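Numbers in the working numbering are just positions in the sequence shown, counted from 1, shifted up by 5.
In this text, a Cβ means the ideal position worked out from N, Cα and C, and glycines have one as well.
Owing to the predicted nature of the structure, the values given are computational and were not obtained by experimental measurement.
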Amino acid sequence: MKKMFWITLLVLSCSAAAFSADSKSTAKAKKELQNAIKSAGNNNFEKMYESAKKAQALDPRLAGPYAYSGLYLYRVGQFDAAEKEFQKCLTLDANFAMARAYLGNILFDRGESERALDEWNASVRLDSKSPEALASIAVGLFGIGKTTEAVQQYKKALMYDRRYYEPDFLLDRKKGAAWGRKKVDAAAPLLQKIEKPKFPYSGS
Numbered sequence: 006m007k008k009m010f011w012i013t014l015l016v017l018s019c020s021a022a023a024f025s026a027d028s029k030s031t032a033k034a035k036k037e038l039q040n041a042i043k044s045a046g047n048n049n050f051e052k053m054y055e056s057a058k059k060a061q062a063l064d065p066r067l068a069g070p071y072a073y074s075g076l077y078l079y080r081v082g083q084f085d086a087a088e089k090e091f092q093k094c095l096t097l098d099a100n101f102a103m104a105r106a107y108l109g110n111i112l113f114d115r116g117e118s119e120r121a122l123d124e125w126n127a128s129v130r131l132d133s134k135s136p137e138a139l140a141s142i143a144v145g146l147f148g149i150g151k152t153t154e155a156v157q158q159y160k161k162a163l164m165y166d167r168r169y170y171e172p173d174f175l176l177d178r179k180k181g182a183a184w185g186r187k188k189v190d191a192a193a194p195l196l197q198k199i200e201k202p203k204f205p206y207s208g209s
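Rendered as structure tokens:
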């Protein structure tokens, strides 16, 4: 009985130590994820990627780091690799709006418009204030002939970020939306139906 007691105690002690180490790794991973988010906000995408990869190594169960590493890969034109990262993110958290928005961009540029529209629809449902999601779904709706709804959605996007009216911003992979030429060209006739926003941009 004493032997069994000590074996049980040893197992519990090991489990507690493992749990403690695991919790510390998760906490460090979350801190790196916050660093990645902050770097993204400052348009420092290389640093964002570094923090995201560190977070993945510390705790591969977190969804966020895969979204941000995917965002970096998308911006540098590594679309297949970016798609894999977004898919990993969505496997862990199907409700990660940003991953769905940019996955939709990849699908659209590849000619899979219907699948892209599905991802953009999901992104808007998850984050109805994201200018990226709103502008993207507008492009998708315009492509299937729903012009009135498309105009309404794009106007909403412009309320959150008026830079989405400017083609140079849409194409800019360093500080802009990083859209592909195909998507920007698809948006062009839609933007002709929308008056250029006169209100000041209040973002960073």
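(message) Quick check on the DSSP output: the alpha helix (DSSP H) that includes Ala-57 runs from which residue to which?
(response) Here the question's residue 57 lines up with position 52 in the sequence shown. Note, Ala-57: alpha helix (DSSP H), 50-63.
(request) Just the C-alpha distance for Gly-150 and Lys-179, rounded to the nearest angstrom, thanks. (result) On the sequence shown, position 145 is the one that residue 150 refers to. On the sequence shown, position 174 is the one that residue 179 refers to. Taking the straight line joining both Cα atoms gives about 32 angstroms.
(request) Could you please give the first and the last residue of the uninterrupted alpha helix (DSSP H) stretch that includes Arg-130? (result) Counting from 1 along the sequence shown, the entry for residue 130 is found at position 125. That run of the alpha helix (DSSP H) goes 118-131.
(request) Give the straight-line distance between the Cα atoms of Lys-33 and Ala-41, rounded to the nearest whole angstrom. (result) Here residue 33 refers to the residue found at position 28 of the sequence shown. Here residue 41 refers to the residue found at position 36 of the sequence shown. So the alpha carbons of these two residues sit roughly 12 angstroms apart.
(request) For Pro-194, count neighbouring C-beta atoms within 10 Å of its own C-beta (all shown protein chains included) and say buried if the count is 16 or more, exposed if not. (result) Counting from one through the sequence shown, the residue named residue 194 turns up at place 189. It is exposed - the Cβ of Pro-194 has fewer than 16 other Cβ atoms within 10 Å.
(message) On the DSSP letters alone, give me the boundaries of the alpha helix (DSSP H) that Val-5 sits inside.
(response) Examination of residue 5 is not possible in this model, given that the chain is present from 6 through 209 alone.
(message) Going by C-alpha to C-alpha distance, which of Ala-121, Ala-162, Glu-154, Arg-115 sits closest to Asp-132?
(response) In the sequence shown, residue 132 corresponds to position 127, counting from 1. Nearest option by C-alpha distance: Ala-162.
(message) Give me the residue from Leu-63, Glu-55, Arg-66 with the minimum Cα distance to Ser-74.
(response) In the sequence shown, residue 74 corresponds to position 69, counting from 1. Minimum Cα distance to Ser-74 is reached at Glu-55.
(message) Judging by CA-CA distance, which residue of Arg-80, Asp-98, Val-156, Asn-47 is the nearest neighbour of Gly-69?
(response) One-based indexing of the sequence shown puts residue 69 at position 64. Gly-69 has its Cα closest to that of Asp-98, out of Arg-80, Asp-98, Val-156, Asn-47.
(message) Quick check on Asp-190: buried or exposed, where buried means 16 or more other Cβ atoms within 10 Å of its Cβ?
(response) Indexing the sequence shown from 1 puts residue 190 at position 185. The residue in question, Asp-190, is exposed, as its Cβ has fewer than 16 Cβ neighbours within 10 Å.
(request) Under 6 angstroms Cβ to Cβ from Glu-37, same chain only, skipping five residues before and after it: list those, please. (result) Position 32 of the sequence shown, counting from 1, holds the residue named residue 37. Around Glu-37, the same chain offers Ser-56, Lys-59, Ala-60 as residues with beta carbons nearer than 6 angstroms, after the five sequence neighbours per side are excluded.
(message) I need the DSSP call for Phe-101, collapsed to helix, strand or coil.
(response) As a working note, residue 101 is residue 96 in the sequence shown. The answer is coil: DSSP assigns Phe-101 none of H, G, I, E or B.
(message) Quick check on Lys-225: buried or exposed, where buried means 16 or more other Cβ atoms within 10 Å of its Cβ?
(response) Beyond the ends of the chain as shown, which are 6 and 209, falls residue 225; an answer cannot be given.
(message) So, with DSSP's three-state summary, where would you put Pro-202?
(response) Taking the first residue of the sequence shown as position 1, residue 202 is located at position 197. In the structure shown, Pro-202 sits in coil (DSSP, three-state: anything other than H, G, I, E or B).
(message) Less than 8 angstroms between the C-beta atoms of Ala-86 and Leu-78, yes or no?
(response) In the sequence shown, counting from the first residue as 1, residue 86 sits at position 81. In the sequence shown, counting from the first residue as 1, residue 78 sits at position 73. Cβ distance < 8 angstroms, so Ala-86 and Leu-78 count as in contact.
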